[in-house]
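Residue numbers (the numbering used here): 3 to 190. Here's the structure, in structure tokens; my notes come after.
Structure representation (structure tokens):
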């Protein structure tokens, strides 16, 4: 089913997501624990779940995409829908935990980005199922699985670093406009 370069892409994404999932488990086992009732704990859980969801999504779509004769639209639709349900649960958890305004905006923004990626995956999957010969939808799925890896890496980095790793925060630190917060005060 896949066109020329997609088996190579799916193989690379599957290997990368498998390795990153293993590293995430190591990072989670070493990460500091927070009080179970704090909003910081909920944010830590959402970060961990977002990273794991992103990595397993990329892994599942890529592995199924490598099975000879498989229409990648099926795994893309299923994994994308699961991702959308996860993202909705993440939003509910963030809103219920009563985080600070800054925490809420950052976390909802990143979960919203995951929703966009998973939605693209679902739409691409439906398009491939409707038109199995079209490469544009397969390209969209390829971009989506690569994007989930990048978002997963960012979420995992936030999880272990407990600090803002966004592009604007990073540029502010690099230009000297803002100093990085100490680990204890990060994201509060």
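We treat Cβ as the ideally placed atom computed from N, Cα and C, and that holds for glycine.
**Asked** What is the DSSP secondary structure of residue 59, reduced to helix, strand or coil?
**Response** For the purposes of this step, residue 59 is identified with residue 57 of the chain shown, where counting begins at 1. Here DSSP, grouped into helix, strand and coil, assigns residue 59 to helix.
**Prompt:** Near residue 12, what residues of its chain come up, given a Cβ to Cβ distance below 6 Å and the 5 sequence neighbours on each side ignored?
**Reply:** Within the chain shown, the letter at position 10 stands for residue 12. Hits under 6 Å: 64, 67, 68.
**Request:** Give every residue of the same chain whose Cβ lies closer than 6 Å to the Cβ of residue 79, excluding the five residues on either side of it in the sequence, and list them in chain order.
**Result:** Position 77 of the chain shown, counted from the first residue, corresponds to residue 79. Once the five neighbours on either side are set aside, the close Cβ partners of residue 79 are 124, 127.
**Asked** Among 158, 177, 179, which residue has its Cα nearest to the Cα of residue 32?
**Response** Here residue 32 corresponds to residue number 30 of the chain shown, with the count starting at 1. It is 158 whose Cα lies nearest to the Cα of residue 32.
**For residue 84, the nearest candidate out of 95, 97, 52 (CA to CA)** = Locating residue 84 in the chain shown gives position 82, where the first residue counts as 1. Among 95, 97, 52, the Cα nearest to that of residue 84 is on 52.
**Request:** Throw me the rounded Cβ distance for the residue 86 and residue 117 pair, which I believe falls under 8 Å.
**Result:** Here the question's residue 86 lines up with position 84 in the chain shown. Here the question's residue 117 lines up with position 115 in the chain shown. So it is a contact: roughly 6 Å between Cβ atoms.
**Request:** Please state whether DSSP places residue 99 in a helix, a strand or coil.
**Result:** Here residue 99 is taken as the residue at index 97 of the chain shown, counted from 1. Three-state result, residue 99: coil.
**Request:** Run the CB neighbour count on residue 102, radius 10 Å, all protein chains shown included, and call it buried at 16 or more, exposed below.
**Result:** Within the chain shown, numbered from 1, the residue matching residue 102 stands at position 100. Answer is exposed; the Cβ neighbour count stays below 16.
**Asked** Hey, how far is the Cα of residue 9 from the Cα of residue 55?
**Response** Here residue 9 is taken as the residue at index 7 of the chain shown, counted from 1. Here residue 55 is taken as the residue at index 53 of the chain shown, counted from 1. So the alpha carbons of these two residues sit roughly 22 Å apart.
**Message:** Do residue 100 and residue 45 count as a contact pair if the criterion is CB distance below 7 Å?
**Reply:** To locate residue 45, count along the chain shown from 1; it is residue 43. To locate residue 100, count along the chain shown from 1; it is residue 98. Judged by their CB atoms, residue 45 and residue 100 are not nearer to each other than the 7 Å cut-off.
**Asked** Taking DSSP as the reference, what is the three-state secondary structure of residue 136?
**Response** Mapped onto the chain shown, residue 136 falls at position 134. DSSP places residue 136 in coil when its eight states are reduced to three.
**Request:** Pick helix, strand or coil for residue 179, following the three-state DSSP scheme.
**Result:** Position 177 of the chain shown holds residue 179. Looking at residue 179 - three-state DSSP - the assignment turns out to be coil, as it is neither helix nor strand.
**Item:** Backbone CA spacing between residue 74 and residue 60 [nearest angstrom]
**Value:** Position 72 of the chain shown, counted from the start, is the residue given in the question as residue 74. Position 58 of the chain shown, counted from the start, is the residue given in the question as residue 60. Those two C-alpha atoms are separated by around 12 Å.
**Request:** Could you name the residues of the same chain whose beta carbon sits closer than 8 Å to that of residue 115, not counting the 5 residues immediately before and after it, in chain order?
**Result:** To locate residue 115, count along the chain shown from 1; it is residue 113. The residues are 153.
**Request:** Check residue 150 in the structure and name its three-state DSSP category.
**Result:** For the purposes of this step, residue 150 is taken as the residue at position 148 of the chain shown. Three-state DSSP puts residue 150 in a helix.
**Request:** Would you please state the rounded distance, in angstroms, between the beta carbons of residue 50 and residue 161? I believe it to be under 8 Å.
**Result:** Residue numbering aside, residue 50 sits at position 48 when the chain shown is read from its first letter. Residue numbering aside, residue 161 sits at position 159 when the chain shown is read from its first letter. The Cβ separation is near 6 Å, so the contact holds.
**Asked** Using the C-alpha atoms, what's the distance from residue 47 back to residue 142?
**Response** Here residue 142 is taken as the residue at index 140 of the chain shown, counted from 1. Here residue 47 is taken as the residue at index 45 of the chain shown, counted from 1. C-alpha separation (whole angstroms): 29 Å.
**Message:** Can you look up residue 72 in the DSSP assignment and give me helix, strand or coil?
**Reply:** Position 70 of the chain shown, counted from the start, is the residue given in the question as residue 72. Here residue 72 sits in coil by DSSP.
**Residue of 43, 22, 135 minimising C-alpha distance to residue 156** = Taking the chain shown and counting its residues from 1, one reaches residue 156 at position 154. Nearest C-alpha to residue 156: 22.
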